[in-house]
Each structure stands twice: as structure tokens, then as C-alpha cells.
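Mind the numbering: the sequence shown is residues 5 to 279 in the numbering used here, read in order. Backbone N, C-alpha and C fix where the C-beta goes; we use that ideal spot for every residue, glycine too. Source: prediction; values computed, not measured. Have a look at the structure below before the remarks.
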Amino acid sequence: MNYRHAFHAGNVADCMKHALLVWLLRALAAKEKPFRVLDTHAGIGRYDLSAGEAERTGEWRRGIGRLLDVADGPLADYVALVREAGAPTAYPGSPALVRALLRPQDHLLACELHPEDVATLRALFRRDPQVAVHHRDGWEALKALTPFPERRGLVLVDPPFEQEGEFDRMAGGIALVSHRFRAAVQACWYPIKHRSPVRAFHTALRESGVRDLVAAELWLREPTDPGRLNGCGLLVANPPWRFEAEGGAILAALLARLGDGEPGQGWAMTRIAEE
């Protein structure tokens, strides 16, 4: 509970995760039937990029700060939503992006464990009938809040990875939701510092028997330093049609804008388990 995302809002990891999240939500909205989103580690929903935390690290300048002039191509939808939310003064967290894309028949469940952050999140969505904010552990919410009554939707898992065992918890959570709620799209963010933990995570998923898994990854330098965030991934279970092709275009566009030409940078869209 020491992690505070305000220091990192709008960074490269946020851009990658949220650009793909926007695409996934658009894909869900392509069908008229209602859907629900569960955001297990929601944060405060909106971040002031001029505040001390964001200014102290300046991470947003290398992230969303390099994308704000994008007007077309694979990133245009995401960047337009971020500008509408107030960038470069403010950056929308995942709950705000989700809320911007909900139709009248859709709903958001946002979970946050940090007491100050959940209070801020509740204030943001006060009297919003389409959003329910829960002060609860996100891992516990996977069992408590699934399956959805709508029988379709997205589960976003984005833990801070400040504790040991997060990869194991994530693999277990994916298997749990897949068993309880096969129709759900799951999008699970993870850091890439070096390859060994990521390979073990992917192996655990293959051995779990969960089907239809794709890993979208972006790295800005060779992932060999365990003490440095060199890239990140989004593991997607039950991805919508064309996610691999169109998500790959998003990753390529992000690398073109955010990469500095360091050795070993790249992106990949890898199928971990077949349908």
C-alpha cells in the first residue's frame, strides 16, 4: 500500500496499457449488448501532471508528453480521449478512460485498497449511477465480483508489483476468472525488467490450461537489468477479433514515438495459448 501512481501517471507504461485498453473497450462496444468493467487496482482516476509528484519524476514527459500532437493513426483514439480529459495538465487513469467510453447501458466496478486513494476515487464518481467504487483488495475482488450479470465485459488487473509473488497471483487470478467467467476479456499489466520472471509467468499460464491468451509487450531497451523497468506487457485472455493485428499496430506506433533508439528495443504480440 506504499505505491502511489501519481509519481508515474502518463508514463510509457500508462501509454502502452491505456492505448490497448481503449481498443479493447471499443471492441466490446461494437456489440449493442451491455458490458461491465472491473478495474481491480483503480487508483484515484485522474492525476494532476502539474503537481509535485508528477513534476518530481517527469515521467509523463517521455510518455504522453510525446504523443499529444498525434491526430491520426493507431494512437489517435487514445490520445484524443487523453486530451479531452485535460492533458497536458491532467492525465486520466484507467477508471476515467473506462468511464469516458461507457454507454448508458454499461457499468464500471472500480476497486482500490489505499484509504486516501479510494476517498479521492469516490469523490470523482460521486452520484454516478454507472460507477461503483469498492474499498477492497483487488485480488479478492476477482472472485467476489465475477461473473458479471451482463455475462460479458472486461477485467483489468494492474497491480503495482511492489510485493513478492505478484506474477503468481496474476497467473492464479487469470485462471480463476477464466474458470468462473469464460466470456470475460481479461487485460493484465506486468512489468518487464528482465526476461526470467516473464518467461516463468507465461509458462505458468500455459500449464494452467487456460486457453486463448495473447501477450502484448513493448520494451525500450534490452530487458536484462532486474533493477530497471525496461518495458511492460499486457496479457490478454479471450482477446476480441483482430486484437493481435490492430494491437500490434498500436505497439509499433508507440515504439516509433517513445523509443530513443537504445539497443534491444522492440515490441511483440505473442500467442501464449491457442483458442
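Using only CA atoms, which one of the options lies nearest to residue i?
i, options, result
"Gly176", "Ser54, His206 and Leu71", "His206"
"Pro78", "Ser54, Pro99 and Trp27", "Trp27"
"Lys147", "Glu120, Leu128 and Ala179", "Ala179"
"Ala277", "Ala219, Thr93, Pro230 and Gly268", "Ala219"
"Pro108", "Leu24, Val135 and Leu117", "Val135"
"Ala145", "Thr44, Ala34 and Glu250", "Thr44"
"Val31", "Gly231, Glu250, Gln167 and Pro267", "For the sequence presented, residue 31 should be read as Ala rather than Val. It is Glu250."
"Pro153", "Ala256, Glu266, His111 and Leu101", "His111"
"Arg40", "Arg155, Gly268 and Ala34", "Arg155"
"Pro99", "Ala114, Ala89 and Gly169", "Ala114"
Run through the DSSP bridge pairs and tell me what residue i is partnered with.
i, result
"Gly157", "Arg40"
"Gln190", "Val159 and Ala241"
"Met174", "Per DSSP, none; premise fails for Met174."
"Ala123", "Bridge partners of Ala123: none, in fact."
"Thr274", "Ala219"
Assuming residue i contacts residue j under a Cβ cut-off of 8 Å, what Cβ separation, rounded to an integer in Å, is found between them?
i, j, result
"Phe171", "Pro201", "6 Å"
"Arg140", "Arg261", "About 37 Å separates the two Cβ atoms, so there is no contact after all."
"Ala13", "Tyr95", "5 Å"
"Leu101", "Leu24", "The Cβ separation is near 11 Å, so there is no contact."
"Pro230", "His198", "5 Å"
At the 7 Å Cβ level, is residue i part of the contact set with chain C, yes or no?
i, result
"Pro164", "This model lacks chain C altogether, as it is built from one protein chain only."
message: Closer than 8 Å is the cut-off here; do at least three beta carbon pairs connect the region 188–206 with the region 237–257?
response: yes
query: What are the complete beta strand (DSSP E) segments, minimum 3 residues, inside the region 12–80?
result: 40–43 and 50–52
- request: For the region 231–238 and the region 16–24, state whether three or more C-beta atom pairs, one from each stretch, are separated by less than 8 Å.
  value: yes
- prompt: Hey, is the region 120–129 in contact with the region 41–48, meaning 3+ C-beta pairs nearer than 8 Å?
  reply: yes
- request: Could you name each continuous alpha helix (DSSP H) segment of 4 residues or more that falls completely within the region 194–249, going from the start of the chain to the end?
  value: 199–212
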